[in-house]
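Worksheet: one structure, shown below.
2 protein chains.
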Amino acid sequence: MSHGFETLAGARSSTTERTLCADLSSATPGQTVRLQGWVHRRRELAALTFLVVRDRTGLAQVVVKDVDLAVPPEETAVTVTGLATANPQAPGGIEVTSPVIEALGDPADTPPVELWRPTLTAGLPTLLDQAATTWRHPAQRAKWELAAASLHGFRSTLDATGFTEVHSPKLVESATESGANVFEVDYFGRKAYLAQSPQFYKQVLVGVFERVYEVGPVFRAEPHDTVRHLAQYTSLDVELGFIEDHREVVACLRDVVAGMVAAIHERAASAVERLAIDVPVVPDEFPVLHFREALEIAGAPADEPDLAPAHERALGAWAKEEHGSDFVVVEGYPTANRAFYSHPDPEDPHWSRSFDLIFRGTELVSGAQRLHRYDDYVATLAERGYPLEPYASYVDAFRRGIPPHGGFAIGLERWTSRLTGSANVREVTLFPRDLHRLAP
Amino acid sequence: MSHGFETLAGARSSTTERTLCADLSSATPGQTVRLQGWVHRRRELAALTFLVVRDRTGLAQVVVKDVDLAVPPEETAVTVTGLATANPQAPGGIEVTSPVIEALGDPADTPPVELWRPTLTAGLPTLLDQAATTWRHPAQRAKWELAAASLHGFRSTLDATGFTEVHSPKLVESATESGANVFEVDYFGRKAYLAQSPQFYKQVLVGVFERVYEVGPVFRAEPHDTVRHLAQYTSLDVELGFIEDHREVVACLRDVVAGMVAAIHERAASAVERLAIDVPVVPDEFPVLHFREALEIAGAPADEPDLAPAHERALGAWAKEEHGSDFVVVEGYPTANRAFYSHPDPEDPHWSRSFDLIFRGTELVSGAQRLHRYDDYVATLAERGYPLEPYASYVDAFRRGIPPHGGFAIGLERWTSRLTGSANVREVTLFPRDLHRLAP
Numbered sequence: 041m042s043h044g045f046e047t048l049a050g051a052r053s054s055t056t057e058r059t060l061c062a063d064l065s066s067a068t069p070g071q072t073v074r075l076q077g078w079v080h081r082r083r084e085l086a087a088l089t090f091l092v093v094r095d096r097t098g099l100a101q102v103v104v105k106d107v108d109l110a111v112p113p114e115e116t117a118v119t120v121t122g123l124a125t126a127n128p129q130a131p132g133g134i135e136v137t138s139p140v141i142e143a144l145g146d147p148a149d150t151p152p153v154e155l156w157r158p159t160l161t162a163g164l165p166t167l168l169d170q171a172a173t174t175w176r177h178p179a180q181r182a183k184w185e186l187a188a189a190s191l192h193g194f195r196s197t198l199d200a201t202g203f204t205e206v207h208s209p210k211l212v213e214s215a216t217e218s219g220a221n222v223f224e225v226d227y228f229g230r231k232a233y234l235a236q237s238p239q240f241y242k243q244v245l246v247g248v249f250e251r252v253y254e255v256g257p258v259f260r261a262e263p264h265d266t267v268r269h270l271a272q273y274t275s276l277d278v279e280l281g282f283i284e285d286h287r288e289v290v291a292c293l294r295d296v297v298a299g300m301v302a303a304i305h306e307r308a309a310s311a312v313e314r315l316a317i318d319v320p321v322v323p324d325e326f327p328v329l330h331f332r333e334a335l336e337i338a339g340a341p342a343d344e345p346d347l348a349p350a351h352e353r354a355l356g357a358w359a360k361e362e363h364g365s366d367f368v369v370v371e372g373y374p375t376a377n378r379a380f381y382s383h384p385d386p387e388d389p390h391w392s393r394s395f396d397l398i399f400r401g402t403e404l405v406s407g408a409q410r411l412h413r414y415d416d417y418v419a420t421l422a423e424r425g426y427p428l429e430p431y432a433s434y435v436d437a438f439r440r441g442i443p444p445h446g447g448f449a450i451g452l453e454r455w456t457s458r459l460t461g462s463a464n465v466r467e468v469t470l471f472p473r474d475l476h477r478l479a480p
Numbered sequence: 041m042s043h044g045f046e047t048l049a050g051a052r053s054s055t056t057e058r059t060l061c062a063d064l065s066s067a068t069p070g071q072t073v074r075l076q077g078w079v080h081r082r083r084e085l086a087a088l089t090f091l092v093v094r095d096r097t098g099l100a101q102v103v104v105k106d107v108d109l110a111v112p113p114e115e116t117a118v119t120v121t122g123l124a125t126a127n128p129q130a131p132g133g134i135e136v137t138s139p140v141i142e143a144l145g146d147p148a149d150t151p152p153v154e155l156w157r158p159t160l161t162a163g164l165p166t167l168l169d170q171a172a173t174t175w176r177h178p179a180q181r182a183k184w185e186l187a188a189a190s191l192h193g194f195r196s197t198l199d200a201t202g203f204t205e206v207h208s209p210k211l212v213e214s215a216t217e218s219g220a221n222v223f224e225v226d227y228f229g230r231k232a233y234l235a236q237s238p239q240f241y242k243q244v245l246v247g248v249f250e251r252v253y254e255v256g257p258v259f260r261a262e263p264h265d266t267v268r269h270l271a272q273y274t275s276l277d278v279e280l281g282f283i284e285d286h287r288e289v290v291a292c293l294r295d296v297v298a299g300m301v302a303a304i305h306e307r308a309a310s311a312v313e314r315l316a317i318d319v320p321v322v323p324d325e326f327p328v329l330h331f332r333e334a335l336e337i338a339g340a341p342a343d344e345p346d347l348a349p350a351h352e353r354a355l356g357a358w359a360k361e362e363h364g365s366d367f368v369v370v371e372g373y374p375t376a377n378r379a380f381y382s383h384p385d386p387e388d389p390h391w392s393r394s395f396d397l398i399f400r401g402t403e404l405v406s407g408a409q410r411l412h413r414y415d416d417y418v419a420t421l422a423e424r425g426y427p428l429e430p431y432a433s434y435v436d437a438f439r440r441g442i443p444p445h446g447g448f449a450i451g452l453e454r455w456t457s458r459l460t461g462s463a464n465v466r467e468v469t470l471f472p473r474d475l476h477r478l479a480p
């Protein structure tokens with residue numbers, strides 16, 4: 041057992057670089073290695089203890105034969121220094137033997153769930169109440185790894201094509217976009233509201249940068265307790281100018297989604313494997329249906345004003361069957377049923393130049409060409425019976441040469457919940473906020 | 041003049057790709073080109089009109105000899121199709137002649153400021169009230185281009201070194217970090233607060249991902265009207281685990297700042313040129329002073345609890361003089377004067393393992409190693425006379441193996457205001473929010 045202590049003296053000096061668990065398989069047997077991470081699993085047998093160390097890259101097996109060597113309880117942060125030793129049974133073919141274990145803090149309390157089990161069996165309330173702990177489970181963590189990789193792919197696609205990242209105010213003067221479902225803030229004694237989207241800012245900024253994107257929080261005071269809605273979510277907003285029509289926006293969306301999927305393969309392959317999910321293939325072009333055709337395919341009456349979830353499921357099945365595609369775009373929703381800033385189809389203004397992207401039978405993204413003329417805004421607000429005043433500064437911006445433009449917004453949590461087949465969007469949100477939940 | 045119309049027929053078809061202004065210099069004389077952008081300047085002479093088109097990449101000169109061809113007013117969005125023609129006097133040596141001009145909307149109203157002048161002469165109130173327009177000025181826009189490039193460099197540095205991007209809640213249950221200066225929100229009939237920083241979330245997430253960053257809005261109900269403070273700003277937050285001490289955090293910060301500077305050179309060279317700014321050189325290591333030495337150099341009494349702005353200026357001058365560096369790190373601020381979660385120096389707990397980065401004589405970044413043991417949190421809160429209850433769920437997280445960790449936060453607007461030598465942080469914020477300003 042003196043061997044362990046000899047190793048210690050050499051290994052604790054800063055000359056032994058940390059080995060990440062995923063890289064242990066490349067260590068040379070006999071080499072001294074230094075792991076850092078958490079005690080994922082401590083299994084005490086009669087003659088030895090198996091210790092599994094978890095770090096951000098994976099798991100590593102440590103064999104403790106020294107009966108006097110205390111292994112700290114699960115979830116304690118540790119440094120383990122020992123010898124890389126070949127063992128065909130160990131993950132990656134290498135385990136660590138003759139370890140010296142240093143706890144990097146006090147022994148951890150017993151976690152509320154057994155994180156070492158391959159499947160996290162916690163119910164939703166535990167998952168959310170104990171989020172700081174439950175996100176440590178490798179399969180749970182994988183869900184956010186997909187989200188982070190997607191963000192990377194979103195930005196890299198846009199950064200490569202002339203877009204500028206922007207950051208817009210989250211505190212706004214009037215609740216313009218929908219009026220309802222808005223959070224009120226005490227702003228130095230005045231009323232302010234939390235922004236429901238960066239819609240107006242991104243449109244105005246097309247006048248500056250032509251092509252903009254923003255990744256940031258948006259806020260909805262959603263009074264219903266559903267599996268799809270959050271009080272705060274992360275919106276991936278895009279807006280581009282000098283377009284011919286909404287089809288250019290659809291083409292941009294296709295490239296963005298393709299970039300997100302590519303980044304998942306490049307940056308989150310291990311998460312894909314842990315979750316055993318089926319990452320979609322993004323076709324060179326999304327199949328596109330007009331709203332009228334979509335209703336027909338879904339077997340809905342021709343005068344339906346919108347697509348119901350059952351219709352979206354039918355369209356998802358149709359796209360898979362006809363085009364082998366997980367994606368289908370529906371364009372031309374009735375103008376009256378879309379946001380007032382949606383551009384009507386000039387050939388027949390009953391229909392709009394708006395679209396939804398349906399992914400595996402559920403709406404994932406909404407987008408459109410927007411109105412770009414001041415007079416069109418004034419007329420549309422009047423038609424809808426909206427007062428001009430709260431919109432005045434927004435609408436005024438269109439007096440100064442905003443080119444034809446359009447855009448879309450992807451809800452990050454909706455994307456990752458569909459990707460992972462999560463029943464509830466809260467399962468893929470780090471610390472969700474809803475009608476009942478304001479902590480942790 | 042028929043020439044123009046012939047060109048039109050061919051050029052308006054989608055076969056003529058758009059040429060960006062910056063690329064016009066590479067066009068072949070005689071080639072038909074299609075520009076899109078804004079009427080930056082319209083100068084009508086007796087026999088011809090000079091039209092300068094502005095797009096996101098720069099300016100291009102168009103010569104209009106057709107007296108019947110109306111040139112829309114400044115700031116109107118246009119498509120200009122014409123012939124690339126060599127002219128040594130034109131920017132880039134190529135101008136556009138025989139143009140056909142298509143307005144992409146109604147003629148723009150006269151802007152509140154003359155955007156075509158090389159220098160934007162608007163005072164601060166106009167700059168801010170008319171932000172949607174004033175950001176169009178090439179020199180003004182350049183300020184945000186520096187910000188966007190910096191964000192890119194920040195992320196790419198961290199993405200390459202094992203960090204995970206996270207997004208944390210902006211609505212929180214208790215105003216833990218400072219108590220004061222917090223915005224109150226009506227959260228479904230309960231009180232909630234806007235997060236002043238993602239501090240607690242990023243620390244807890246070190247327990248999940250080891251190394252995390254977040255770029256997002258933070259909110260301070262700052263009741264003072266100063267040139268340095270905003271009610272909302274963009275915080276670039278970093279936190280990393282398994283560190284030896286705060287010096288590893290300083291090293292990470294150095295790499296991040298170097299990445300931001302490199303991205304400015306790579307992605308915003310034209311903005312640097314338009315602003316004629318002096319981009320700092322980031323040394324391989326930041327010079328580091330202990331707080332005690334810093335006081336001495338600044339000629340301050342040894343019992344000063346903090347550095348005053350004049351001290352920071354003196355330290356900036358010292359760093360330039362002694363190390364040729366625009367940057368200097370001061371470490372070891374008195375523990376009692378830093379946030380309660382700062383880690384004391386184990387050798388002498390009067391001093392902390394915290395630091396500030398001073399850039400050109402002004403504090404730019406604060407950071408520290410943090411406490412990582414539950415007992416240390418409980419003891420520190422008690423010492424400071426803070427109640428435990430509002431911190432309970434945060435402090436509880438440290439019962440489950442959070443490794444030694446530290447981090448820092450960079451205020452994006454402070455960085456770009458220092459970089460551009462802007463007197464007021466509002467000048468570099470797209471749509472600032474402060475005590476008086478909630479629009480546009």
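Top line first, the protein sequences correspond to chains A and B. Offset between the first sequence (1-based) and my numbering: plus 40. Offset between the second sequence (1-based) and my numbering: plus 40. Every residue, glycine too, gets a C-beta built ideally from N, C-alpha and C.
Check whether residue i and residue j have beta carbons under 9 angstroms apart
{"i": "residue 279(A)", "j": "residue 202(A)", "result": "no"}
{"i": "residue 61(A)", "j": "residue 93(A)", "result": "yes"}
{"i": "residue 145(B)", "j": "residue 163(A)", "result": "no"}
Same chain only: Cβ atoms within 6 angstroms of residue i, ignoring 5 sequence neighbours per side
{"i": "residue 51(B)", "result": "Its pLDDT being 37, under 50, residue 51(B) is placed unreliably in this model, and the value from its coordinates should be taken loosely. Here the set comprises 72, 74, 121."}
{"i": "residue 464(B)", "result": "267"}
{"i": "residue 396(A)", "result": "370, 403, 406"}
{"i": "residue 294(B)", "result": "326"}
{"i": "residue 373(B)", "result": "331, 392, 394"}
{"i": "residue 311(B)", "result": "182, 185, 186"}
Residues that residue i contacts on chain B, provided the C-beta gap is smaller than 8 angstroms
{"i": "residue 471(A)", "result": "208, 209, 241"}
{"i": "residue 274(A)", "result": "207"}
Partner residues on chain D for residue i, Cβ-Cβ distance less than 7 angstroms
{"i": "residue 78(A)", "result": "The chain labelled as chain D is not found among the protein chains of the depicted structure, namely A and B."}
Beta-carbon contacts of residue i that lie in its chain and below 8 angstroms, excluding the five residues immediately before and after
{"i": "residue 315(B)", "result": "179, 182, 183, 186, 460"}
{"i": "residue 291(B)", "result": "325"}
{"i": "residue 286(A)", "result": "371, 383, 393, 394, 395, 407, 408, 409, 446"}
{"i": "residue 175(A)", "result": "181, 184, 470"}
Residue-chain proximity (residue i, chain B), Cβ-Cβ < 9 angstroms
{"i": "residue 192(A)", "result": "yes"}
{"i": "residue 256(A)", "result": "yes"}
{"i": "residue 29(A)", "result": "In the structure as shown, chain A starts at 41 and stops at 480, and residue 29(A) therefore has no counterpart that could be examined."}
{"i": "residue 463(A)", "result": "no"}
{"i": "residue 438(A)", "result": "yes"}
Under 9 angstroms by beta carbon: chain B residues contacting residue i
{"i": "residue 232(A)", "result": "223, 473, 478"}
{"i": "residue 451(A)", "result": "Those within 9 angstroms of residue 451(A) in chain B number zero; the least Cβ separation is about 12 angstroms."}
{"i": "residue 282(A)", "result": "58, 76, 77, 95, 117, 119, 144"}
Proximal chain B residues relative to residue i, where beta-carbon distance stays under 7 angstroms
{"i": "residue 247(A)", "result": "172, 176"}
{"i": "residue 444(A)", "result": "144"}
{"i": "residue 188(A)", "result": "204, 205"}
Cutoff 9 angstroms: residue i Cβ touching any chain A Cβ
{"i": "residue 385(B)", "result": "no"}
{"i": "residue 144(B)", "result": "yes"}
{"i": "residue 148(B)", "result": "yes"}
{"i": "residue 550(B)", "result": "Residue 550(B) lies beyond the stretch modelled for chain B, which goes from 41 to 480, so this question has no answer here."}
Chain-order list of residues whose beta-carbon lies under 7 angstroms from that of residue i (same chain, five-residue window excluded)
{"i": "residue 21(B)", "result": "Nothing in the structure corresponds to residue 21(B), since chain B is present only between 41 and 480."}
{"i": "residue 421(B)", "result": "380, 428, 431"}
{"i": "residue 413(B)", "result": "438"}
Which runs of the alpha helix (DSSP H), 4 residues or longer, sit entirely within the stretch 155 to 202 of chain A? 164 to 169, 171 to 174, 178 to 199
Length at least 3, wholly inside the stretch 89 to 152 of chain B: the beta strand (DSSP E) runs in chain order: 89 to 95, 98 to 104, 117 to 126, 134 to 143
Those runs of the alpha helix (DSSP H) which lie wholly inside the stretch 274 to 338 of chain B and span at least 4 residues: 286 to 307, 309 to 315, 331 to 337
Could I get the ranges of all uninterrupted beta strand (DSSP E) runs contained in the stretch 418 to 459 of chain B, with 3 residues as the minimum, in chain order? 445 to 451
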